[in-house]
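>
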């Protein structure tokens with residue numbers, strides 16, 4: 006009887022697939038929108054799908070599209086998306102402590118599949134995370150993102166040309182939509198976004214730095230500057246107490 010029950014117990018991979026279903030469903034509209042915007046930015050369907058296959062990072066891919074539209078160079082795009090995704094180092098290090106000991110190549114696959122959503126699901130799981138569970142969560146989320154990106158591009162191809170051109174505006178609306186929830190909760194985010202916007206304008210319009218490098222410099226400068234200011238303010242508040 007015990008053997009029969011054990012045999013029917015779902016595998017860790019299946020449990021991972023089930024845990025990742027909600028992520029896969031949530032990715033569908035975002036990835037379809039990405040496909041639509043990629044079409045308006047001039048990418049082919051193969052380039053759109055390949056970007057999702059190789060990058061698999063929503064915010065970074067949206068940022069890349071914006072920079073492609075601005076005519077930025079490859080190195081500038083890589084630098085900007087690298088800065089944007091530095092948090093993945095911390096997420097990977099955190100999960101490395103929970104995942105069962107496996108070979109380096111398997112852990113490399115895990116790290117590739119880590120997004121904010123897959124990290125949230127796996128990091129909150131009790132106990133040691135099994136290899137099969139990690140692969141299950143990542144596989145269903147990854148598949149949903151890649152397939153939906155292609156679908157979005159195909160849908161975009163069937164839209165009238167005037168509507169396709171207007172989709173470029175949706176790219177900026179998407180960034181505003183992603184930013185607003187954070188603006189409501191954290192004053193630091195408001196200062197960071199405002200400082201980056203001002204610096205980017207100064208670098209590009211006043212100094213004349215290329216659009217891609219302007220974004221990179223504005224991002225780094227504002228992030229470092231705001232952190233220094235907050236560290237100084239924290240020391241002053243502690244001294245007053």
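In my numbering, the protein residues as written are 6 to 246. Note that CB positions come from ideal geometry on N, CA and C, so glycine has one too.
(1) For residue 134, write down the residues that DSSP places opposite it in a beta bridge.
(2) Under 8 angstroms between the Cβ atoms of residue 128 and residue 99?
(3) Using a Cβ distance threshold of 8 angstroms, determine whether the region 39-48 contacts the region 131-144, with at least three qualifying pairs required.
(4) Only counting runs of 4 or more residues, tell me where the alpha helix (DSSP H) segments fall wholly within the region 66-105, in order along the chain.
(5) Have a look at residue 228 and residue 237 and give me their C-alpha separation to the nearest angstrom.
(6) What separation, rounded to the nearest whole angstrom, lies between the Cα atoms of residue 82 and residue 138?
(7) Which one of 230, 55 and 203 has the shortest CA to CA distance from residue 219?
(8) DSSP three-state label for residue 34, please.
(9) Report the three-state DSSP secondary structure of residue 48 (helix, strand or coil).
(10) Go ahead and pull the three-state DSSP assignment for residue 214.
(11) Examine the Cβ distances between the region 45-62 and the region 147-163 and report whether three or more of them are shorter than 8 angstroms.
(12) Taking the straight line between their C-alpha atoms, what separation do you get for residue 119 and residue 93?
(13) Residue 58 to residue 151, Cα distance in whole Å?
(14) Mark residue 133 as exposed unless 16 or more other C-beta atoms lie within 10 angstroms of its C-beta, in which case mark it buried.
(15) Mind checking whether residue 198 and residue 230 have CB atoms under 8 angstroms apart?
(16) Looking at the secondary structure, which residues open and close the alpha helix (DSSP H) in which residue 126 lies?
Reading from the atomic positions:
(1) In the chain shown, counting from the first residue as 1, residue 134 sits at position 129. Answer is 104, bridged to residue 134.
(2) Indexing the chain shown from 1 puts residue 128 at position 123. Indexing the chain shown from 1 puts residue 99 at position 94. Against a cut-off of 8 angstroms, the Cβ pair of residue 99 and residue 128 comes out as a contact.
(3) No: fewer than three Cβ pairs fall under 8 angstroms.
(4) If we require 4 residues or more, the alpha helix (DSSP H) runs fully inside the region 66-105 come out as 79-89 and 92-101.
(5) Taking the first residue of the chain shown as position 1, residue 228 is located at position 223. Taking the first residue of the chain shown as position 1, residue 237 is located at position 232. Rounded to the nearest whole angstrom, the CA to CA distance from residue 228 to residue 237 is 14 angstroms.
(6) As a first step, residue 82 must be located in the chain shown, where it is residue number 77. As a first step, residue 138 must be located in the chain shown, where it is residue number 133. Cα to Cα, residue 82 sits roughly 33 angstroms from residue 138.
(7) As a working mapping, residue 219 is identified with position 214 in the chain shown. Selected option, being the one with the closest Cα: 203.
(8) Residue 34 sits at position 29 when you count from the first residue of the chain shown. Residue 34 falls in the helix class under three-state DSSP.
(9) Along the chain shown, read from residue 1 onward, the residue named residue 48 stands at position 43. If DSSP states are grouped into helix, strand and coil, residue 48 belongs with coil.
(10) The residue given as residue 214 occupies position 209 in the chain shown. Residue 214: coil per DSSP, three-state reduction.
(11) Verdict: yes, contact present.
(12) Taking the first residue of the chain shown as 1, we reach residue 119 at position 114. Taking the first residue of the chain shown as 1, we reach residue 93 at position 88. The straight-line gap from Cα to Cα measures roughly 7 angstroms.
(13) The count along the chain shown starts at 1 and reaches residue 58 at position 53. The count along the chain shown starts at 1 and reaches residue 151 at position 146. Residue 58 and residue 151: Cα-Cα distance of roughly 6 angstroms.
(14) Translated into positions along the chain shown, residue 133 becomes position 128. With fewer than 16 other Cβ atoms within 10 Å, it is exposed.
(15) Taking the chain shown and counting its residues from 1, the one referred to as residue 198 is at position 193. Taking the chain shown and counting its residues from 1, the one referred to as residue 230 is at position 225. No.
(16) The residue given as residue 126 occupies position 121 in the chain shown. DSSP places residue 126 in the uninterrupted alpha helix (DSSP H) bounded by 121-128.
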